[in-house]
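Below is one structure; the comments refer to it alone.
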Amino acid sequence: MIEVKHLHKTFRIPAPHLSRWERIKAAVTGDGAEKTAVRDISFTVGPGEFVGYIGPNGAGKSTTIKMLTGILHPTSGEVRIDGMSPHKDRRRVVSRLGVVFGQRSQLWWDLPVRDSFDILCAMYRIDRQRQQRTLAELDGLLGLGEFADTPVRKLSLGQRMRADLAAALLHEPDILFLDEPTIGLDVIAKRNIRGLLSKVNRELGKTVLLTTHDMDDIEQLCDRVMVINHGSLAYDGTIGELRERIGLPTILRVSFEAAVSLDNATEPELGFTVAEANGCELTVHFNRQELPALEVLRRLERYGTAQDVHMEEPDFEEIIHKVY
1 MIEVKHLHKT FRIPAPHLSR WERIKAAVTG DGAEKTAVRD ISFTVGPGEF
51 VGYIGPNGAG KSTTIKMLTG ILHPTSGEVR IDGMSPHKDR RRVVSRLGVV
101 FGQRSQLWWD LPVRDSFDIL CAMYRIDRQR QQRTLAELDG LLGLGEFADT
151 PVRKLSLGQR MRADLAAALL HEPDILFLDE PTIGLDVIAK RNIRGLLSKV
201 NRELGKTVLL TTHDMDDIEQ LCDRVMVINH GSLAYDGTIG ELRERIGLPT
251 ILRVSFEAAV SLDNATEPEL GFTVAEANGC ELTVHFNRQE LPALEVLRRL
301 ERYGTAQDVH MEEPDFEEII HKVY
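Using full-length UniProt numbering, count along the sequence shown one by one with no gaps and you end on 324.
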């Protein structure tokens with residue numbers, strides 16, 4: 001379980017016009033401007049959850065992850081991983097965490113993937129029998145055998161992400177922190193990585209906290225989403241609840257047998273908005289919380305006999321844009 005209470009992080013930034021000596025002096029004395037990266041954030045992530053942690057660049061996502069993993073110390077507030085502080089009980093906490101950074105690899109660039117795994121197992125003091133068992137399970141899940149003897153620098157991005165994910169799972173952690181795991185990948189590689197992450201969560205029971213700018217990652221993987229903006233937590237809940245909160249309309253496209261006349265389309269009692277009319281096709285926007293889709297279709301009968309119906313929920317990226 002991840003518990004965060006009133007987490008706050010500020011940085012001292014020396015003035016840019018200072019000389020090198022003045023910058024060193026400012027760092028020692030604490031002089032300079034103060035920048036707040038994370039502001040009074042609190043949340044809890046339970047065992048087995050898959051949570052998206054999203055926000056624009058500079059919102060405080062990476063700073064939060066670094067505090068959760070013990071890399072940065074908070075200015076104030078508290079972090080608990082399974083009841084322990086990642087700053088005071090670092091070794092015990094790290095053994096329970098797996099971390100994947102999409103833009104950085106924890107593997108050795110010039111060594112074969114297999115050798116990197118051997119080094120990591122030695123660092124985590126994993127015995128040979130346990131290492132072989134874990135790697136066999138990960139090979140079945142991630143298909144590592146096809147590139148295990150290939151130097152990391154020769155891997156494709158998709159292969160490297162699979163290898164990095166395996167490296168994060170070698171010591172069988174309970175919690176995974178994933179920072180942009182699909183960045184730079186093509187469509188097929190993204191789909192494969194998403195499938196693997198879903199298996200890691202559902203079949204291995206790992207708790208996952210995911211940061212990403214790809215809204216498809218969030219929609220396809222996460223049961224819950226947290227939105228951070230300007231260092232503060234702007235939303236914490238399900239994607240469905242977020243759609244309802246923002247209030248963006250559902251889109252309904254209806255094709256009729258004959259061309260549509262819009263003489264009565266502006267009547268207030270309709271309960272929906274006609275967004276576009278194109279010959280026999282009518283596009284309307286409505287709020288599903290106020291008016292069921294079947295009722296919208298019933299009211300659309302005044303325009304003729306419907307032949308085909310297509311309904312779309314609001315684009316999730318547009319929802320997030322509105323939150324920002």
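Note that CB positions come from ideal geometry on N, CA and C, so glycine has one too.
Going by C-alpha to C-alpha distance, which of N278, L169, P86, I13 sits closest to L204?
Position 204 of the sequence shown, counted from the first residue, corresponds to residue 204. When each option's Cα is compared against that of L204, the closest is L169.
Simplified DSSP assignment, three categories, for H73:
Indexing the sequence shown from 1 puts residue 73 at position 73. DSSP places H73 in coil when its eight states are reduced to three.
Have a look at G195 and R302 and give me their C-alpha separation to the nearest angstrom.
Taking the sequence shown and counting its residues from 1, the one referred to as residue 195 is at position 195. Taking the sequence shown and counting its residues from 1, the one referred to as residue 302 is at position 302. Their backbone Cα atoms lie some 45 Å apart in a straight line.
Spell out the partners DSSP gives I228 in its beta bridges.
Taking the first residue of the sequence shown as position 1, residue 228 is located at position 228. Under DSSP, the beta-bridge partners assigned to I228 are L233.
Would you decide whether M123 is buried or exposed? Buried here means 16 or more other CB atoms lie within 10 Å of its CB.
Here the question's residue 123 lines up with position 123 in the sequence shown. M123 comes out exposed.
Under a Cβ-count criterion, where at least 16 other Cβ atoms within 10 Å of its own Cβ denotes burial, should H6 be classed as buried or exposed?
The residue given as residue 6 occupies position 6 in the sequence shown. Under this definition H6 is an exposed residue.
F101 versus S62, G83, D115, G145, residue with shortest Cα-Cα distance
Residue 101 sits at position 101 when you count from the first residue of the sequence shown. Residue S62 is the option with its Cα nearest to F101.
Between the C-alpha atoms of L178 and Y53, what's the straight-line distance to the nearest angstrom?
The residue given as residue 178 occupies position 178 in the sequence shown. The residue given as residue 53 occupies position 53 in the sequence shown. Near 10 Å, if we compare the C-alpha coordinates of Y53 and L178.
Output the distance between the C-alpha atoms of R224 and E244, rounded to the nearest integer angstrom.
Start at 1 with the first residue of the sequence shown, and residue 224 comes out as number 224. Start at 1 with the first residue of the sequence shown, and residue 244 comes out as number 244. The alpha-carbon of R224 is positioned some 14 Å away from that of E244.
Environment of residue 333 [buried if 16+ CB atoms lie within 10 Å]:
Residue 333 lies beyond the stretch modelled for the chain, which goes from 1 to 324, so this question has no answer here.
If you measure between the beta carbons of S232 and D82, is that distance less than 8 Å?
The residue you call residue 232 lines up with position 232 of the sequence shown. The residue you call residue 82 lines up with position 82 of the sequence shown. Taking 8 Å as the Cβ cut-off, S232 and D82 do not qualify as a contacting pair.
For the beta strand (DSSP E) that contains V309, what are its first and last residues?
Here residue 309 is taken as the residue at index 309 of the sequence shown, counted from 1. Per DSSP, the continuous beta strand (DSSP E) segment holding V309 begins and ends at 306-312.
What runs of the beta strand (DSSP E), each 3 residues or longer, lie entirely inside the stretch 38-108?
Contiguous beta strand (DSSP E) elements confined to the stretch 38-108 occur at 50-54, 76-81, 97-101, taking only those with 3 or more residues.
Which residues mark the beginning and the end of the beta strand (DSSP E) in which L176 is found?
Working through the sequence shown from its first residue, we reach residue 176 at position 176. Here the beta strand (DSSP E) through L176 covers 175-179.
With 16 as the cutoff for other CB atoms within 10 Å, does D127 come out buried or exposed?
For the purposes of this step, residue 127 is taken as the residue at position 127 of the sequence shown. Exposed.
Reduced DSSP category for R243 - H, G, I as helix; E, B as strand; rest coil
On the sequence shown, position 243 is the one that residue 243 refers to. The three-state reading of DSSP puts R243 in helix, counting H, G and I together.
Bridge partners - S255, DSSP secondary structure assignment:
The sequence position of residue 255 within the sequence shown is 255, counting from 1. When DSSP reads this structure, S255 sits in a beta bridge with E281, D308.
Mind reading off the beta-carbon distance from A59 to N229? Whole number of angstroms is fine, and I expect it under 8 Å.
Counting from one through the sequence shown, the residue named residue 59 turns up at place 59. Counting from one through the sequence shown, the residue named residue 229 turns up at place 229. So it is a contact: roughly 5 Å between Cβ atoms.
Within 8 Å, do at least three Cβ pairs link the stretch 101-117 to the stretch 179-188?
Proximity of the stretch 179-188 to the stretch 101-117 meets the contact definition, three or more beta-carbon pairs being nearer than 8 Å.
Let me check understanding here. Comparing Cα to Cα, which of G77, G55, F43, G98 lies closest to V208?
As a position in the sequence shown, residue 208 is number 208, starting the count at 1. Nearest to V208 by alpha-carbon distance, out of G77, G55, F43, G98, is G98.
Since H8 and G77 should fall inside the 8 Å C-beta cutoff, what is the C-beta to C-beta distance between them, to a whole number of angstroms?
Stepping through the sequence shown from its first residue, residue 8 is reached at position 8. Stepping through the sequence shown from its first residue, residue 77 is reached at position 77. With 8 Å as the limit, H8 and G77 qualify as a contact, their Cβ atoms being about 5 Å apart.
Proximity test, Cβ basis, 8 Å: E313 and chain C:
No chain C is part of this structure, which consists of one protein chain only.
Is it the case that the Cβ atoms of D283 and E290 are separated by a distance below 8 Å?
Position 283 of the sequence shown, counted from the start, is the residue given in the question as residue 283. Position 290 of the sequence shown, counted from the start, is the residue given in the question as residue 290. According to the sequence as given, residue 283 is Thr; it is not Asp. Against a cut-off of 8 Å, the Cβ pair of E290 and T283 comes out as no contact.
For T266, count the other beta carbons within 10 Å of its own beta carbon; 16 or more makes it buried, fewer makes it exposed. Which is it?
Here residue 266 refers to the residue found at position 266 of the sequence shown. No answer about T266 holds up, because its pLDDT of 49 lies below 50 and its placement is not dependable.
Tell me whether the beta-carbon of L144 lies closer than 8 Å to the beta-carbon of A167.
Sequence index remark: in the sequence shown, residue 144 carries index 144 (1-based). Sequence index remark: in the sequence shown, residue 167 carries index 167 (1-based). Cβ atoms of L144 and A167: not closer than 8 Å.
If you run the structure through DSSP and keep just helix, strand and coil, what is T266?
By 1-based counting over the sequence shown, the position of residue 266 is 266. In this predicted model, T266 has a pLDDT of only 49, less than 50, meaning its place in the structure is not dependable; the value taken from the coordinates is given anyway. Coil, per DSSP.
Flag this pair as yes or no: are the beta carbons of H285 and I239 separated by less than 8 Å?
Within the sequence shown, the letter at position 285 stands for residue 285. Within the sequence shown, the letter at position 239 stands for residue 239. No. Outside cutoff.
Quick one: what's got a C-beta closer than 6 Å to K35's C-beta in the same chain, skipping five residues either side?
By one-based count along the sequence shown, residue 35 stands at place 35. Correct list, in chain order: F11, I13.
Nearest-angstrom Cα distance between L294 and H87?
As a first step, residue 294 must be located in the sequence shown, where it is residue number 294. As a first step, residue 87 must be located in the sequence shown, where it is residue number 87. Looking at the two C-alpha atoms, the distance is approximately 55 Å.
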